[in-house]
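Residue numbers (full-length UniProt numbering), protein chains in the order written: chain D, 1 to 105; chain C, 1 to 336. One structure below.
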Amino acid sequence: MPISQLASSESAGERSKTFVFEDEGHTLGNTLRSIISSYKDVQFCGYTISHPAEKKMNLRIQMYEGRAVDALRRGLEDLVNVCDHTLDLFENELTTFKKENNIES
Amino acid sequence: MDVNDEKPRIILEEYKVTQNLPSETTVLDETFDIRKFKKKFRIVIVRYEKYEMEFDFIGVHPFLANTFRRLMLSEVPSMAVEKVFIYNNTSIIQDEILSHRLGLVPLKANPRLFEYRSEEAKEGSEQDTLEFELKVKCTWNKEGNKESARADDIYKNNNVYSKHFTWLPIKNQAEMFKAEEVGPIHDDILLAKMRPGHELDLKLLAVKGIGKDHAKFSPVATAFYRLLPDIKIIREVEGEAAERLQKCFSPGVISLRHSKDGRKVAVVNNSRYDTSSRNVYRYEDLKDAVIMSKIQDHIIFTIESVGAMTADVIFTEAVKILKNKCLSLLDELSQS
């Protein structure tokens, strides 16, 4: 399983952090970046796969205020909710579609 | 050129792509909020044929569609031949080429009933491995038509197909599965060609894996999404020009309607299946008659399964994988 660890930080302290995700790539990187960078209190969020031979993804979060970890946690929680809702919606729609069209499941 | 509505659109002009500017924020540029997301997000199933399906994602940012697409292609598991033991191969196809071909044969086995095999494990167990045997020998065909020049009449077993796979159940696997539930999906995949005296004696081990490791483990033939095309005719096009306009788009997109005074007028019938080619712009007189656009928060998803899992299961598995990823990361964050 992937491990998230903190890389060295600078004077901004808790406000700006780079998180390293092991064994992750563009799939999670772009998803988290897209969600987190839309938050109002986030100044910058971006990700990079620093070397193609290394299975690592770096996610950088810079905040106007608050802690970078909290934005990451919020991003992950939002994503979990998105997944739950998508699953519910998809399964509901599929059962109604099957019923309407007389498809056996 | 302008489309006056509140949908986020990209407008396909002759030499450039522009966007319309809705007065309020759209899913493309607003702050992510789960309540707003739940309110806007809709899924519409358009076509469901078990192993193939098409559905619409409405009111979401395309990044989400891309995430699910990527997950289906490379992180949803399936079973495939991973190891081939070659006891005898006197056919003309080389060992390594044959092994590679065998790996690509899609298997029916449901990956959800299996575990991943750990790298250290020397022996496969009934939970993580499927064993097959491929034992075929080519001989002269003594019976049959002597006059015939067809290879199928002269030889026996001159073609080796995927139907020659015989399943060897490990331990109690025979009680858990039936042979037709785990074997190759298609029984007519040509694996090798042989002549009398040639022989294959192989043992194949199939394991569970993901597309990230090797494309043979990918459960989908294709999984793709596109934006909903929208075509608007902004001035009346009639007669020969209307027929020309119809030919500029995919069949069924533009239809011709007879007006009361007997003229043929072009109207948009259904722009969903348009390929968005910009053929209209080749005609000077039609250029200003249409606006071609795509709606950026309306995504059309198409999933084509290889055949081990139904298309809807592949999608739900992808969503669950993302959820579990996030949950385990959250877990790790709260521990540190």
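The C-beta atom is built at its ideal place from N, Cα and C for all residues, glycine as well.
**Asked** Could you give the uninterrupted runs of the alpha helix (DSSP H) lying entirely in the stretch 39-84 of chain C, keeping only those of 4 residues or more?
**Response** Fully enclosed alpha helix (DSSP H) runs of 4 or longer: 62-74.
**Message:** Comparing C-alpha positions only, which one of K163(C), L28(C), T310(C) and K108(C) sits nearest to K40(C)?
**Reply:** L28(C)
**Prompt:** Where does K216(C) sit, in a helix, a strand or coil, going by DSSP?
**Reply:** helix
**Message:** Counting only C-beta atoms, is R42(C) closer than 9 Å to chain D at any point?
**Reply:** yes
**Request:** Verify whether the separation of the beta carbon atoms of L73(C) and A289(C) is less than 9 Å.
**Result:** no
**Message:** I need the boundaries of the alpha helix (DSSP H) containing V265(C), first residue and last residue.
**Reply:** Note, V265(C): premise wrong, no alpha helix (DSSP H); beta strand (DSSP E) at K264 to V268.
**Item:** Amino acids of chain D, ordered along the chain, whose beta-carbon sits closer than 8 Å to that of Y48(C)
**Value:** L94, F97, K98, N101 and I103
**Request:** Output the distance between the C-alpha atoms of Q43(D) and L322(C), rounded to the nearest integer angstrom.
**Result:** 26 Å
**Request:** Leaving aside the five residues before and after M1(D) along the sequence, list all residues of the same chain whose C-beta is less than 7 Å from its C-beta, in chain order.
**Result:** Because M1(D) sits at a pLDDT of 41, beneath the cut-off of 50, its placement in the model cannot be relied upon, and the following sentence gives the value as read from the coordinates. Nothing listed; no residue qualifies.
**Prompt:** Are the C-beta atoms of R272(C) and some chain D residue less than 9 Å apart?
**Reply:** no
**Item:** Local conformation of D201(C) per DSSP, three classes
**Value:** strand
**Prompt:** According to DSSP, is M57(D) helix, strand or coil?
**Reply:** The DSSP-derived three-state label of M57(D) is strand.
**Item:** Unbroken alpha helix (DSSP H) run spanning M176(C), endpoints
**Value:** Per DSSP, the continuous alpha helix (DSSP H) segment holding M176(C) begins and ends at Q173 to M176.
**Request:** For K7(C), collect the residues of the same chain with a Cβ closer than 6 Å to its Cβ; drop the 5 residues on either side in sequence, then sort them by chain order.
**Result:** Excluding its 5 nearest sequence neighbours in each direction, K7(C) has C-beta neighbours in its own chain below 6 Å: I295, listed in chain order.
**Message:** Does H26(D) come out as helix, strand or coil in the three-state DSSP assignment?
**Reply:** helix
**Message:** Whether or not the stretch 229-237 of chain C and the stretch 277-292 of chain C are in contact is what I'm after, with contact meaning three or more pairs of Cβ atoms, one per stretch, closer than 8 Å; do they touch?
**Reply:** yes
**Request:** May I ask which residues mark the beginning and end of the beta strand (DSSP E) holding C138(C)?
**Result:** C138(C) -> no beta strand (DSSP E), and no H or E assigned at all.
**Message:** At the 9 Å Cβ level, is L71(C) part of the contact set with chain D, yes or no?
**Reply:** yes
**Request:** Count the CB pairs spanning the stretch 49-62 of chain D and the stretch 10-18 of chain C that are closer than 8 Å, and state whether there are at least three.
**Result:** Too few Cβ pairs lie closer than 8 Å, so no.
**Prompt:** So, does the CB of I299(C) fall closer than 9 Å to a CB anywhere in chain D?
**Reply:** no
**Asked** Taking one C-beta from the stretch 240-257 of chain C and one from the stretch 295-304 of chain C each time, how about it: are there three or more such pairs within less than 8 Å?
**Response** no
**Request:** Quick one: grab the DSSP three-state call for S255(C).
**Result:** In the three-state reduction of the DSSP assignment, S255(C) falls in the strand class.
**Backbone CA spacing between M55(C) and E126(C) [nearest angstrom]** = Per the sequence presented here, residue 55(C) reads as Phe, with Met not at that position. Straight-line Cα distance between these residues: approximately 37 Å.
**Asked** Which class does P111(C) belong to by DSSP, given the choice of helix, strand or coil?
**Response** In the three-state reduction of the DSSP assignment, P111(C) falls in the helix class.
**Asked** Roughly how far, in whole angstroms, is the beta-carbon of K208(C) from the beta-carbon of E133(C), given that I think they are within contact range, below 8 Å?
**Response** The beta-carbon separation of K208(C) and E133(C), rounded to 20 Å, does not stay under the 8 Å limit for a contact.
**Asked** F85(C) and L204(C): beta carbons closer than 9 Å?
**Response** yes
**Request:** Would you decide whether G144(C) is buried or exposed? Buried here means 16 or more other CB atoms lie within 10 Å of its CB.
**Result:** exposed
**Asked** At which residues does the alpha helix (DSSP H) containing I321(C) begin and terminate?
**Response** A311 to Q335
**Asked** Any Cβ of chain C within less than 9 Å of the Cβ of E20(D)?
**Response** Note that residue 20(D) corresponds to Val in the displayed sequence, not to Glu. Not one chain C Cβ lies under 9 Å of V20(D).
**Request:** Starting from A241(C), trace the beta strand (DSSP E) both ways and give me its first and last residue.
**Result:** Careful: A241(C) lies outside any beta strand (DSSP E), inside the alpha helix (DSSP H) at G239 to C248.
**Contact set between I35(D) and chain C, taken where Cβ atoms lie within less than 7 Å** = Within 7 Å of the CB of I35(D), the CB atoms of chain C belong to F32, in sequence order along the chain.
**Message:** My assumption, with CB atoms under 8 Å, is that I43(C) sits in contact with E93(D). Please give the rounded CB distance.
**Reply:** 5 Å
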